[in-house]
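Asks:
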Amino acid sequence: MQSLDDFAKDRLDSLERRQLRRQLVETERGDGAQATRDGRAMISFSCNDYLNLSHDPRVLQAAQDAAARYGTGSGASRLVTGNHPLFSDLESRLAKLKGTEDACVFGSGYLATLGIIPSLVGPQDLILADEFSHACIMAGSKLSGARFEIFRHNDIAHAEEILAAHRASHGHAMILTDGVFSMDGDLAPVAALSSLAEQYDAWFMTDDAHGVGVVGGGRGSGFVGGNKIDVPLQMGTLSKAIGGYGGYLCASADVINLIRTRARTFIYTTGLPPAVIASAIAALDIIAAEPELVARPLENARLFTNLLGLPEAESCIVPVVLGNPEKALSASAMLDSEGYIVTAIRPPTVPEGTARLRFAFAAPHLPQDIHRLAGLVRTHLLGD
Ligand SMILES: *Cc1c(COP(=O)(O)O)cnc(C)c1O
């Protein structure tokens with residue numbers, strides 16, 4: 003089809019001119035933060051495997067045993083024959099970690115959110131979301147057909163203004179936010195949003211993809227400061243600190259039963275492979291048993307922010323905002339030539355004018371690499 007190929011070429015050319023075209027780069031990940039690109043040994047500061055659990059021998063062994071016993075695929079949707087016995091084990095561990103009655107595992111975090119939101123709210127209802135929420139929150143909200151309102155980043159007063167104006171004229175309401183913001187690394191005001199939700203009878207959900215295994219003693223953004231904050235819907239992923247793949251929701255038994263019966267991204271998709279579930283179980287056991295390991299990514303991020311005089315890191319993600327996409331790409335290329343992978347993040351992932359480097363600190367990073375990296379950033383990017 004000539005018109006189809008022309009369309010694709012024109013779109014690509016236009017993105018290329020604005021430095022917004024994205025490219026896949028082959029990367030072979032190794033143990034620790036090591037990675038190989040084009041035959042060059044690199045250290046990655048762009049990986050979400052914060053605890054290196056994807057390479058932990060205990061996790062690998064669990065995956066191998068499960069594959070040998072149950073096969074490589076689950077063979078069907080969980081509601082048909084794909085619900086092998088490992089799922090209930092994983093779900094009860096997730097519920098325990100998050101302090102909820104039950105949990106439901108999905109194919110990925112993105113799929114979880116896309117299934118959860120439309121199962122709970124529809125066209126008569128209201129959704130409020132933080133402006134920097136992950137793309138899956140935006141997509142799930144649109145899919146629900148509910149009225150969708152954005153509040154300014156971490157701005158409780160703005161969220162309250164929207165509720166005061168619109169809550170009464172809608173049936174149900176949800177408040178949605180990332181617990182740890184994926185491109186900014188800051189924490190949501192989870193306790194304040196929880197109270198606000200309570201006050202307006204809105205259902206509060208956090209996307210804790212970057213919280214679990216890292217903040218709140220590994221239990222996530224609802225546990226920062228040592229207390230359990232009331233978050234009735236805690237969604238997350240198994241693909242970051244847990245080191246594997248998959249998504250989940252932790253909630254009350256009634257809510258989880260409803261989700262298992264109604265969420266289309268749960269019903270109409272194949273269950274995760276047994277090895278993936280077994281590895282997540284092994285990873286959660288390590289997270290529960292090794293608080294020193296869990297503390298390390300945040301310690302490493304704080305070493306970096308302290309060295310540079312940046313605001314102290316609240317999570318293991320640290321952004322260095324540079325402005326236009328060109329600057330972010332050339333900064334990333336400079337660090338690449340020094341042996342460090344730090345991916346440039348550009349619009350539409352982040353707002354126009356805030357292209358950046360996003361540093362993700364992990365347990366295996368060595369102090370000497372963090373010192374050297376901070377030196378490069380100070381000399382070449384922060385201009386002093
Ligand atoms: C990565 C991420 C997701 C998606 O999770 P996947 O399991 O990778 O689909 C959702 N929300 C946030 C905030 C994320 O960073």
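Residue numbering for the sequence shown follows the working numbering, beginning at 3 and increasing consecutively. Glycine included, C-beta positions come from ideal geometry on N, C-alpha and C.
Using the rule of at least 16 other Cβ atoms within 10 Å of the residue's Cβ for burial, across every protein chain shown, is T38 buried or exposed?
Replies: The residue in question, T38, is exposed, as its Cβ has fewer than 16 Cβ neighbours within 10 Å.
Asks: Is the beta carbon of L53 sitting closer than 8 Å to the one on R221?
Replies: Their beta carbons are not under 8 Å apart, which means L53 does not touch R221 by this criterion.
Asks: Tell me the DSSP bridge mates of R95?
Replies: The partner list for R95 (beta bridge, DSSP) is empty, contrary to what the question assumes.
Asks: Run the proximity test for Y250: is its beta-carbon closer than 7 Å to any non-hydrogen atom belonging to ligand 1?
Replies: Not so, every heavy atom of ligand 1 lies at least 7 Å from the Cβ.
Asks: Take A204 as the anchor and find which of G173, D210, D180 and S223 has the nearest alpha-carbon.
Replies: Nearest option by C-alpha distance: G173.
Asks: Taking T29 as part of the beta strand (DSSP E), name the residues at either end of that continuous run.
Replies: That residue, T29, is in no beta strand (DSSP E); it is neither H nor E in DSSP.
Asks: Could you tell me if G32 is buried or exposed, where buried requires 16 or more neighbouring beta carbons within 10 angstroms of its beta carbon?
Replies: Under this definition G32 is an exposed residue.
Asks: Can the beta-carbon of L116 be found less than 8 Å from the beta-carbon of T267?
Replies: Going by C-beta atoms, L116 is nearer than 8 Å to T267.
Asks: Closer than 7 Å: is that where the CB of S5 sits relative to any heavy atom of ligand 1?
Replies: No, Cβ of S5 sits at least 7 Å from all heavy atoms of ligand 1.
Asks: Does the segment 268-282 come into contact with the segment 80-94, if we say contact requires no fewer than three beta-carbon pairs (one atom in each stretch) closer than 8 Å?
Replies: Short answer: they touch.
Asks: Quick one: what's got a C-beta closer than 6 Å to F363's C-beta in the same chain, skipping five residues either side?
Replies: Result list for F363: P299, N302, A303 and C318, in chain order.
Asks: Suppose contacts are defined by Cβ-Cβ distances below 8 Å. Is P120 in contact with S79 by that definition?
Replies: Cβ atoms of P120 and S79: not closer than 8 Å.
Asks: Would you mind reading off the limits of the alpha helix (DSSP H) that contains M44?
Replies: No alpha helix (DSSP H) contains M44, which is instead part of the beta strand (DSSP E) from R42 to S46.
Asks: Just list the residues that DSSP pairs E151 with in beta bridges.
Replies: According to DSSP, E151 bridges with L130.
Asks: Which residues bound the alpha helix (DSSP H) around G111?
Replies: Taken as a continuous stretch (DSSP letters only), the alpha helix (DSSP H) holding G111 covers G111 to L122.
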